[in-house]
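**Q** Taking numbering that gives the first Met the number 0, the leading residue of the sequence shown gets 0, the next gets one more, and so forth.
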Amino acid sequence: MQRARSRLQPILLTAEEHGQLLSWSRNARRVGRSLARRARIILQCRHGHPNRRVARRIGVPEQTVCKWRQRFIAERVRGLLDQPRSGAPRSISDSLVEAVLAKTLHEPPPDTERWSSRRLASELGISQRAVLRIWRAFEL
0 MQRARSRLQP
10 ILLTAEEHGQ
20 LLSWSRNARR
30 VGRSLARRAR
40 IILQCRHGHP
50 NRRVARRIGV
60 PEQTVCKWRQ
70 RFIAERVRGL
80 LDQPRSGAPR
90 SISDSLVEAV
100 LAKTLHEPPP
110 DTERWSSRRL
120 ASELGISQRA
130 VLRIWRAFEL
């Protein structure tokens, strides 16, 4: 005797949600592969297909489909976006980054052409590595 398979309820999308998901699924380079994949998962789930079938079509584990289906139902489109990750809080404030950039770009040092990372660090009271990280982040 074969067990009857229950179909999941289809996910109902508003026109705005559908448009947003289509846009994300087609622009993986712009939005990132993971967000594009999540959008494709939800677009497949809207037809009421079982998680296993969606997982096979998209090429992800069944648990991944289950996770994003549940998150979408709970939080809608916002639920597909990346959540903040745990980790150490930032040690360099935005105002300090601004100060490093302002000094580097708009205030030349008194006796040389440009700032050295050591000199700028001692001027602002931060580490040389912090200055170098900021310069790297802004490609200076």
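Ideal Cβ placement from N, Cα and C applies to all residues, glycine included.
It should be emphasised that the depicted structure is a prediction, and the values quoted were computed from it without experimental measurement.
Output yes or no for whether 9 Å exceeds the beta carbon distance between W23 and L79.
**A** For W23 and L79, yes; Cβs fall inside 9 Å.
**Q** What residues in its chain sit with their C-beta under 7 Å from that of A27, if we drop five residues either side in the sequence?
**A** The residues are A35.
**Q** Output the residue ranges of the alpha helix (DSSP H) runs that lie fully inside the segment 2-55 and measure 4 residues or longer, sorted by chain position.
**A** If we require 4 residues or more, the alpha helix (DSSP H) runs fully inside the segment 2-55 come out as 14-25, 27-30 and 32-44.
**Q** By DSSP, does T103 sit in helix, in strand, or in coil?
**A** DSSP places T103 in helix when its eight states are reduced to three.
**Q** Specify the secondary structure class of L123 as computed by DSSP and reduced to three states.
**A** The answer is helix: DSSP assigns L123 an H, G or I state.
**Q** CB L95 to CB L123, shorter than 9 Å?
**A** Yes. Within cutoff.
**Q** Assuming contact is defined by CB atoms lying nearer than 9 Å, are F137 and L100 in contact in what I supplied?
**A** Yes, the pair counts as a contact, with Cβ atoms nearer than the cut-off.
**Q** Excluding the five sequence neighbours on either side, which residues of its own chain have a C-beta within less than 6 Å of the C-beta of S33, listed in chain order?
**A** Nothing meets the Cβ criterion.
**Q** Would you kindly check if the distance between the Cβ of E16 and the Cβ of R75 is under 9 Å?
**A** The answer is yes: Cβ separation under 9 Å.
**Q** May I have the straight-line CA-CA distance separating S117 from C65, to the nearest angstrom?
**A** It is worth fixing the name first, because residue 117 is Arg in this sequence and not Ser. Approximately 52 Å between the Cα atoms of the pair.
**Q** My output table needs one value for T63: the three-state DSSP class, helix, strand or coil.
**A** T63: helix per DSSP, three-state reduction.
**Q** L12 and R45 look like a contact to me (Cβ under 8 Å); what is the Cβ gap, rounded to whole Å?
**A** With a Cβ gap of about 6 Å, L12 and R45 count as contacting.
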